[in-house]
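Read the structure below first, then the notes.
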Amino acid sequence: MSVARIYVGRVVHSKSLKCLEILPQAALGVRGDGKISFLKDNVGDIAALRREYASEGFAGATTIYLKPHEFLFPGMIDTHLHASQWPNLALGMEGELRDWVENYTDPMEASYSDNDKARRVYSDVVSTTLRLGSTTVAYNTTIHAEASNILAQTAFDKGQRAIVGKMCITMGSTHNNWEDSVDVSLAEDEKCLEFMRNLDSERRLVHPCVQPRGGPYCPPELMAGLGEHREKYDTYVQAHMCETQSDIDRTLALHTPFTSYSAMYAAHNLLTPKTILAHCIHLQPADLSNIATTGAGVAHNPNSNTCLRDGICRVRDLLSAGIHVGLGTDCSAGYMPSIHSAMRDASNVSRNLAMQTGEDRYILAFSELVYLATLGGAEVVGMGERIGNFEVGKEFDALVVDVKEVISVEEGMWEAGSERDEDLVKKWVFLGDDRTVRRVFVGGRLVGGWGC
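First residue of the sequence shown? That's 1 in UniProt numbering, and the numbers climb one at a time after it.
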């Protein structure tokens, strides 16, 4: 257990969809076990805080004074990233989804029978996403159990929260990117679930999942088997849903008893509060109802949906239906593996939707963008009680952000009490880059940041 710390300075976090709290002169206490003991504003007497929280280890706490141009921000949560597609970043976006999958994704994913490649690529993925401020990532992988376990081990070793599972595909794919049978797919899936359960038995960092690639790639008997695994291991589910109309048509043609994509997942016990559904662009009313009723969450991927021309996710409709929504980078269909960047993309996509429909209600407010990147993402990955903001009792997943070098930021903007605190945060969200993320903490442990 490390020494308790007290951070003094500006603190920014989301308390709800509509409430962005900015405390210009706060004191935030992190216990030696990495959990938050207190968050107080306008505290001048740090010695009094040490005495008040002495029983929690703060009598000898280290005090860290943030610079006037720095602030604490919650660790960002990437609810959908294909780790195996990392080498394809920025490639293949000239086509549409099906072209991209068959010409870029399938051959790349098939190559992870090479475990040395998996170690090289996945080390880079985890280190880079941590440096970019993603303290939690829901990773999609490949059909290879050993490579998937390598990703889980890498995230665990580097200190990143991760949801990881083996991709399951027995049909509908190309370039030998499929498994020999349903029995083989399920047996390999169980190997991964057992490995990850043993790797992190307390579930502090690594969380296993079952991972059907999507409706067109998994026949009914495979979906049923994955549903049994989910129930047996009480695990997460990651799946694609309603990304394109073609995706929906192929799913319903294969799973003939069902009239909606979500009904198929629900029938196989794959829709739960621990289910992460990527995309959800072309939803039927029944899909909205099924997602909301089961408590499943949606990963909104604005960059990739734009690049591959999938369509525009109507985030406002999801939120209005009471559905949890977070942001995903969906690399490599999306070219930028940064949730910081995804906030900007989500803003622009929402404005484009408003222009197309003539309905301004679709525009996402600034507070909503921050929520989606942090607390909303935490809800999607089923960890809203543990992470996502700086509420007392949560784990200290946090970024130290430095806006000093952000263009157009003037020195007076960061002075305490300048009444321009939200402007400062907006400048960072829309103008900052990875160099502004100076330190990254997961559970109180320093795990990354610019220069780390």
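Just so you know, even glycine gets a beta-carbon here, dropped at the ideal spot from N, CA and C.
Have a look at the options and flag the residue whose alpha-carbon is nearest the alpha-carbon of residue i.
| i | options | result |
| --- | --- | --- |
| D360 | N348, V11 and I6 | N348 |
| A152 | R386, L318, I46 and V164 | V164 |
| G388 | L375, A253 and Y104 | L375 |
| R438 | V403, H207 and L20 | V403 |
| G214 | V101, G75, R435 and D183 | V101 |
| F195 | N149, K158, D310 and H175 | N149 |
| H175 | R351, V392, E109 and G326 | E109 |
| V137 | Y362, N177, F156 and L66 | F156 |
| Q284 | T293, S260 and T294 | S260 |
| K15 | A346, V409, L369 and E94 | L369 |
| N305 | L288, F390 and C242 | C242 |
| G297 | A59, D78, G29 and K166 | D78 |
| E202 | R161, G295, G172 and F441 | R161 |
| V429 | V381, H279, F441 and L372 | L372 |
| T129 | D434, E70, I36 and A145 | D434 |
| V381 | C209, E405 and G9 | C209 |
Can you name the residues that DSSP bridges to residue i?
| i | result |
| --- | --- |
| residue 508 | The requested residue 508 is not part of the displayed model; the chain covers only 1 to 452. |
| Y139 | L81 |
| A27 | V8 and K40 |
| L20 | S14 |
| A398 | P74 and F441 |
| K35 | E395 |
Does residue i come out as helix, strand or coil in the three-state DSSP assignment?
| i | result |
| --- | --- |
| T374 | coil |
| H268 | coil |
| G412 | helix |
| A278 | strand |
| V362 | Before going on, a small fix: residue 362 reads as Tyr here, not Val. DSSP places Y362 in helix when its eight states are reduced to three. |
| T62 | strand |
| L446 | strand |
| L283 | coil |
Measuring straight from C-alpha to C-alpha, what distance separates residue i and residue j?
| i | j | result |
| --- | --- | --- |
| H268 | I323 | 20 Å |
| I248 | A398 | 38 Å |
| R120 | L20 | 39 Å |
| A147 | P87 | 15 Å |
| S188 | E228 | Note on residue identity: the sequence assigns Glu, not Ser, to residue 188. Cα-Cα distance, rounded: 14 Å. |
| N177 | Q211 | 15 Å |
| I6 | T63 | 5 Å |
| residue 502 | T256 | Examination of residue 502 is not possible in this model, given that the chain is present from 1 through 452 alone. |
| P219 | T170 | 8 Å |
| A27 | Y104 | 49 Å |
| D423 | A266 | 44 Å |
| H13 | I36 | 14 Å |
| R250 | C307 | 22 Å |
| R10 | S185 | 50 Å |
Unbroken alpha helix (DSSP H) runs of length 4 or more, entirely within the segment 106-179: which are they?
106-110, 115-131 and 145-158
Mind listing, in chain order, the continuous beta strand (DSSP E) runs of no fewer than 3 residues lying wholly within the segment 168-249?
206-212 and 236-241
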